[in-house]
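K.L.:
Could you have a look at this structure, given as structure tokens, before my questions?
Here it is in structure tokens:
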């Protein structure tokens, strides 16, 4: 297991995790109709930054925000300790990176912070943000690094929007996950960062949360459609439930893209895993589908939701799940303490 | 500590299986089709795939057919340097100015991890599939090591790079601990 010692979200709804959390609590959505953002592309509904952003500076700002709120009384985890950055690996979660480049931006972000280690880009379609956390956890558990900065980011382009339109996957209006009349997904932009450490705080400071388990499974069914039996997602849920019971899970952060097939598949997988009575968190109506950022951003907000609504000193667990093209599914289990 | 059970290496003009050369007549993408006809031949979906997927798919096909432990594979982990750039370029051509006909059949291959899904479907592997973008093949080793450390004991993993239709390189291995 590894410990979250810092996090941040930058999105059209605000700067910082707390601002984004408050926006969701207040029911604010970043979704709007765009009719002339990209040439030739039909009008679409999405959550985009008012001013188009540059990929690398946005990611750097997100990491800086996360470092600002590092919460640990372990001196080895603090940014003032010069050794800190040397013991850290940067893991970037993105699907289309900076205008189709993935490696160069990751190198630029790591270099900006003086990080000497080769960065890792996780490109596992829409599951990347959860897969990147699993990769970070494994590297730390194997003792290869002490800390991991997991950054998730995607910016919308003519390339992506035209592709999803050609797939007929986009809803012309704000999406409605898990509703019978759902019409498809909305795209979104964001950058989000989680800093994990293999080293717990001493006593005084709680980690934001503990990442306890993670699992990735392929449906082995179709490259662009989920399995109707939810096989991969079900296997992920069963893996992350190992060592606890469905009753101990207080929240499932579903993928909830609001496409007919995705939500139906998730429902099947959740029921098969005996988790049908657990409340669901669905964040796409606020942020759209932020692709490489989704798994990072949604993990942070689910953890905050549990923490803010929890009982003092009580341990709570939640599951964050995602699915994506290529038939891939991923899930992680978090523990929070209030 | 890392052990490989078997490996395959494919360049545009050569194929090596466990250190033994496999004779090929063609080069580049045509060579991948030649290998498909010799080693599979029963999977017409191969022809719908982009070159990156063809490369990884045929490498896995040849490697898994000769391995005694192919039924134990619990993860497929591939990596490269330039993601899906060859197919990204092909898709871009379908949305060029004045010629805007975005192709969903090409768009779906604009993600590098699709090749891992194609291999999973062919061999009915419902384990993990992951794709990483790295500067160098050596950087995959700590990832494989840490994955083996996490209960997954037999892994199909390696480098699968395709920068253009006839420019590619794959070195894929079966690892176990």
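Protein chains in written order, with this note's numbering: chain A, 1358 to 1695; chain B, 144 to 320. A virtual CB, placed ideally from N, CA and C, is assigned to each residue, including glycine. Only a predicted model underlies this, so the values are computations on that prediction, with no experimental measurement involved.
(1) Distance check for residue 1612 of chain A and residue 1696 of chain A, CA to CA, integer angstroms please.
(2) Count Cβ pairs between the segment 1537–1555 of chain A and the segment 1398–1417 of chain A that sit closer than 8 Å; are there 3 or more?
(3) Which bits of chain A does residue 247 of chain B rub up against, with CB to CB less than 7 Å?
(4) Could you work out which residue in B:188, B:241, B:180 and B:262 is closest to residue 219 of chain B when comparing CA atoms only?
(5) Return the chain-ordered ranges of every beta strand (DSSP E) run that is complete within the segment 1389–1445 of chain A and spans a minimum of 3 residues.
(6) From the beta carbon of residue 193 of chain B, is the nearest beta carbon of chain A less than 8 Å away?
(7) In whole angstroms, give me the CA-to-CA distance for residue 215 of chain B and residue 267 of chain B.
(8) Where does residue 267 of chain B fall in DSSP's three states?
(9) Which of helix, strand or coil does DSSP assign to residue 1455 of chain A?
(10) So if I threshold CB-CB distances at 8 Å, which residues from the segment 1573–1584 of chain A count as touching chain B?
(11) With DSSP as the reference, please indicate the residues paired to residue 1509 of chain A in a beta bridge.
(12) Quick one: what does DSSP say residue 1585 of chain A is sitting in, helix, strand or coil?
(13) Quick one: grab the DSSP three-state call for residue 1632 of chain A.
(14) Check the DSSP bridge columns for residue 158 of chain B and list the partner residues they point to.
(15) Between A:1493, A:1578 and A:1455, which lies nearest to residue 1360 of chain A when the distance is taken from Cα to Cα?
(16) What residues from chain A crowd round residue 215 of chain B, counting only those whose CB sits closer than 7 Å?
(17) For residue 285 of chain B, return the contacting residues in chain A, with the cut-off set at a CB-CB distance below 7 Å.
(18) Would you report the Cα separation of residue 1552 of chain A and residue 1653 of chain A, rounded to the nearest angstrom?
(19) Closer than 9 Å, Cβ to Cβ, to anything on chain B: give me those residues from the segment 1469–1481 of chain A, in chain order.
(20) Under a Cβ-count criterion, where at least 16 other Cβ atoms within 10 Å of its own Cβ denotes burial, should residue 1368 of chain A be classed as buried or exposed?
(21) Would DSSP call residue 1641 of chain A helix, strand or coil?
(22) Along the chain, where does the beta strand (DSSP E) that runs through residue 1606 of chain A open and close?
(23) Rounded to whole angstroms, what is the Cα-Cα separation between residue 233 of chain B and residue 1562 of chain A?
(24) Within 10 angstroms of the Cβ of residue 1489 of chain A, are there 16 or more other Cβ atoms? Answer buried if so, exposed if not.
(25) Taking the alpha carbon of residue 1514 of chain A as the reference point, which residue from A:1580, A:1486 and A:1395 has its own alpha carbon closest?
(26) At the 8 Å Cβ level, is residue 186 of chain B part of the contact set with chain A, yes or no?
(27) Which stretch, first to last residue, makes up the alpha helix (DSSP H) that contains residue 1377 of chain A?
(28) Check whether the Cβ of residue 1519 of chain A lies closer than 8 Å to any Cβ atom in chain B.
(29) In the DSSP assignment, what residue or residues form a beta bridge with residue 1566 of chain A?
(30) Using a 10 Å radius around the Cβ and a threshold of 16 neighbouring Cβ atoms, would you call residue 208 of chain B buried or exposed?
(31) What number of angstroms, rounded off, separates the C-alpha of residue 1554 of chain A from the C-alpha of residue 1431 of chain A?
(32) Are the segment 144–159 of chain B and the segment 1621–1629 of chain A touching, with three or more C-beta to C-beta distances below 8 Å?
(33) Determine whether the beta carbon atoms of residue 1392 of chain A and residue 1549 of chain A lie at a separation below 8 Å.
(34) Output the boundary residues of the beta strand (DSSP E) element that contains residue 1682 of chain A.
(35) Is residue 1674 of chain A helix, strand or coil by DSSP?
(36) Counting contacts by CB-CB distance shorter than 8 Å, is residue 1588 of chain A in contact with chain B?
P.N.:
So, to answer that:
(1) Coverage of chain A is limited to positions 1358 through 1695, which leaves residue 1696 of chain A absent and any answer about it impossible.
(2) yes
(3) Locating residue 247 of chain B in the second chain gives position 104, where the first residue counts as 1. Within chain A, the residues near residue 247 of chain B are 1523 and 1524.
(4) Counting from 1 along the second chain, the entry for residue 219 of chain B is found at position 76. The shortest C-alpha separation from residue 219 of chain B is found at B:262.
(5) 1389–1391 and 1401–1404
(6) Position 50 of the second chain holds residue 193 of chain B. Output row for residue 193 of chain B: interface = no.
(7) Along the second chain, one-based indexing puts residue 215 of chain B at 72. Along the second chain, one-based indexing puts residue 267 of chain B at 124. Their Cα atoms are separated by approximately 11 Å.
(8) The residue labelled residue 267 of chain B in the question sits at position 124 within the second chain. It is coil, neither helix nor strand.
(9) Mapped onto the first chain, residue 1455 of chain A falls at position 98. Three-state result, residue 1455 of chain A: strand.
(10) 1573, 1574, 1575, 1576, 1577, 1578, 1579, 1580 and 1581
(11) Walking along the first chain from the start, residue 1509 of chain A turns up at place 152. According to DSSP, residue 1509 of chain A bridges with A:1450 and A:1549.
(12) Taking the first residue of the first chain as 1, we reach residue 1585 of chain A at position 228. Three-state result, residue 1585 of chain A: coil.
(13) Translated into the one-based positions of the first chain, residue 1632 of chain A becomes position 275. It is coil, neither helix nor strand.
(14) As a working note, residue 158 of chain B is residue 15 in the second chain. According to DSSP, residue 158 of chain B bridges with B:153 and B:165.
(15) Indexing the first chain from 1 puts residue 1360 of chain A at position 3. Cα-wise, what sits closest to residue 1360 of chain A is A:1493.
(16) Position 72 of the second chain, counting from 1, holds the residue named residue 215 of chain B. Under the 7 Å cutoff, chain A gives no residues; its nearest Cβ is about 15 Å from residue 215 of chain B.
(17) The sequence position of residue 285 of chain B within the second chain is 142, counting from 1. What residue 285 of chain B touches in chain A: 1496 and 1501.
(18) Taking the first residue of the first chain as position 1, residue 1552 of chain A is located at position 195. Taking the first residue of the first chain as position 1, residue 1653 of chain A is located at position 296. Going from the Cα of residue 1552 of chain A to the Cα of residue 1653 of chain A covers about 11 Å.
(19) 1475, 1476, 1477, 1478, 1479, 1480 and 1481
(20) Within the first chain, residue 1368 of chain A is the residue found at index 11, counting from 1. Residue 1368 of chain A should be labelled buried.
(21) Here residue 1641 of chain A refers to the residue found at position 284 of the first chain. Of the three classes helix, strand and coil, the one that applies to residue 1641 of chain A here is helix, per DSSP.
(22) As a working mapping, residue 1606 of chain A is identified with position 249 in the first chain. Element bounds for residue 1606 of chain A: 1606–1610.
(23) For the purposes of this step, residue 233 of chain B is taken as residue 90 along the second chain, with counting starting at 1. For the purposes of this step, residue 1562 of chain A is taken as residue 205 along the first chain, with counting starting at 1. Taking the straight line joining both Cα atoms gives about 52 Å.
(24) On the first chain, residue 1489 of chain A is found 132 positions in, with the first residue counted as 1. So residue 1489 of chain A counts as buried.
(25) One-based indexing of the first chain puts residue 1514 of chain A at position 157. With distances taken between Cα atoms, residue 1514 of chain A lies closest to A:1395.
(26) Position 43 of the second chain, counting from 1, holds the residue named residue 186 of chain B. With 8 Å as the cut-off, residue 186 of chain B does not count as an interface residue toward chain A.
(27) As a working note, residue 1377 of chain A is residue 20 in the first chain. Taken as a continuous stretch (DSSP letters only), the alpha helix (DSSP H) holding residue 1377 of chain A covers 1374–1382.
(28) Taking the first chain and counting its residues from 1, the one referred to as residue 1519 of chain A is at position 162. Closer than 8 Å to some Cβ of chain B, the Cβ of residue 1519 of chain A qualifies, so yes.
(29) As a working note, residue 1566 of chain A is residue 209 in the first chain. Paired residues: A:1361.
(30) Within the second chain, numbered from 1, the residue matching residue 208 of chain B stands at position 65. Exposed, by the Cβ-count rule.
(31) In the first chain, residue 1554 of chain A corresponds to position 197, counting from 1. In the first chain, residue 1431 of chain A corresponds to position 74, counting from 1. Roughly 10 Å between the two C-alpha positions.
(32) no
(33) Within the first chain, the letter at position 35 stands for residue 1392 of chain A. Within the first chain, the letter at position 192 stands for residue 1549 of chain A. Not a contact, by the Cβ cut-off of 8 Å.
(34) Within the first chain, numbered from 1, the residue matching residue 1682 of chain A stands at position 325. No beta strand (DSSP E) holds residue 1682 of chain A; DSSP gives it neither H nor E.
(35) In the first chain, the residue the question calls residue 1674 of chain A occupies position 317. Three-state DSSP puts residue 1674 of chain A in a strand.
(36) Here residue 1588 of chain A is taken as the residue at index 231 of the first chain, counted from 1. Output row for residue 1588 of chain A: interface = yes.
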